[in-house]
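Going by full-length UniProt numbering, 330 is the number at position 330 of the sequence shown; the sequence numbering is gapless.
Each residue gets a CB set at the ideal place from its N, CA and C atoms; glycine is no exception.
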Amino acid sequence: MVRLNIDMIARGTSGYTKKKREESMNQYLRRLTHLYLENRSIDEVGDDLSLCRNLIVLYLYDNRLPAVPHLLQNPNLTHLYLQNNQIQRIENLIGLNKLTKLYFGGNSITVVEGLEKLENLQELHIENQKLQRGEKLLFDPRSIVAISLTLQVLNVSANYLTSIIDLECLKGLTQFFAADNYLSDFQELAHCLNSWRNLSRLDLLGNPLCHKSKYRDRIIVLCNNLELLDGKEITPLSRSFIKNWQASKDKKRLSDYKKRNVFSETAVRTNDGDLPPISYQRHQSVPGFMMPALPRTKFQEILARSNSQPVSRTRLKSEENQMAYTPSEQFNFNSRQVGTPASATHDVQIDA
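In structure tokens form, the structure reads like this:
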């Protein structure tokens, strides 16, 4: 175990802040503003750090700290570097109201929390967390809302993220780094970009949405102030070309839309005014099929065959000329048996 002590603190200063002969150790520690305590295998920060009342920048990265040290006695801190330790939770930041830059990359943090009192925080770096299988970095809404107006730089790269919609309220963002995650929803990204009006740098390399059609062009159209996208500069010429292409595409889409509307309105006016409406005559009763009666000659021939008696051809011919078909008056239209003669019997004379 390595515990931070006064001797380590005294050796953790730059050459510009060496101890003077006439000053005491407490006086010397009080006037320190920067401490370089990185890569010292420190796993515990004791009370000696509280003697550095004017400390502004503290480098504690690449150590073995299991938790955020208590820094309540260092209220002037503006920069805190805690990367590559063994920290699992963001805590002990109460009283650091002047903190502007906070570095937590390479730890084991699962939830972004405990930032409610950091009313001046401008940069938060929490990339590459060592998460368990199936875990992803989460965001406490209270902390995100608390820093929504002041935060300008956010780095959440390589944290197994599938969504960034919780970060939409960060309207002051100028730089956003979310490379090597699992972001695939471009509509969600567009929704966030519409809120991040001051964004000048965006890095999304290594996400599935980078492979979507016109990915780069669509982002440039959405972000008027973007200067760097995935590490590549956006030149004024390329922005102008993409903007003109998008404007031409939108103009054509609008023209096609208007043409469809004009055609639809013309069709409606033609149907309503220029031509009379189409109407169909409807039967008052359900129509039925009426089978015509057999010719009398055929009828009598069939009847004669059934009786096995010869029929006079001369008689049949004369009757056929008088009435070839049974008149329609003999049918009973009021009956459901349509096509049946009103009188079921006919007087048929057969010559012997």
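Nonlocal neighbours in the same chain, by C-beta distance under 7 Å from residue i, ignoring five residues either side
i, result
"P276", "Note that P276 scores a pLDDT of 49, beneath 50, so its modelled location is shaky; the value from the coordinates is reported in the next line. Around P276: no qualifying Cβ."
Distance, residue j Cα to residue i Cα
i, j, result
"L202", "K98", "27 Å"
"R64", "G46", "14 Å"
"I109", "Y61", "15 Å"
"H191", "Q83", "31 Å"
"N271", "N244", "Note on N271: pLDDT 49, under 50, position unreliable in the model; the coordinate value appears next. Answer to the nearest angstrom: the Cα atoms are 41 Å apart."
"L205", "T13", "38 Å"
"I6", "K136", "39 Å"
"N224", "L193", "10 Å"
Sequence-distant residues of its chain with Cβ nearer than 6 Å to residue i (five each side left out)
i, result
"V153", "E123, Q175"
"Q73", "S50"
"H34", "V57"
"K212", "F186"
Option in the options with minimal Cα separation from residue i
i, options, result
"G134", "N159, N120, K117", "N159"
"L121", "V111, L102, F139", "L102"
"A247", "L222, L138, H191, T33", "L222"
"Y16", "I6, V2, F177, L32", "L32"
"G106", "L131, R216, E116, K18", "L131"
"N207", "L226, L161, L167", "L161"
"L80", "N39, E227, H125, L167", "H125"
"E116", "L151, Q129, I87", "L151"
Same chain, Cβ closer than 8 Å to residue i, neighbours up to 5 away in sequence not counted
i, result
"R239", "I220"
"L77", "L55, I56, V57, L58, L71, L96, K98, L99"
Range covered by the beta strand (DSSP E) that runs through residue i
i, result
"Y59", "57 to 59"
"H79", "79 to 81"
"Y36", "34 to 36"
Residue i, enclosing alpha helix (DSSP H) - first and last residue
i, result
"V156", "No alpha helix (DSSP H) holds V156; DSSP gives it neither H nor E."
"L222", "215 to 222"
"residue 361", "Look at the range of the chain in this structure, 1 to 352, and you will see that residue 361 is not part of it."
"D7", "6 to 11"
Legend entry - Ranges of the alpha helix (DSSP H) found wholly within the region 85 to 151, counting only runs of at least 4: Fully enclosed alpha helix (DSSP H) runs of 4 or longer: 141 to 146.
Inset, instruction - Just list the beta strand (DSSP E) runs in the region 177 to 205, keeping only unbroken ones of 3 residues or longer that don't cross its boundaries, in chain order. - result: Segments of the beta strand (DSSP E) lying fully in the region 177 to 205: 201 to 203.
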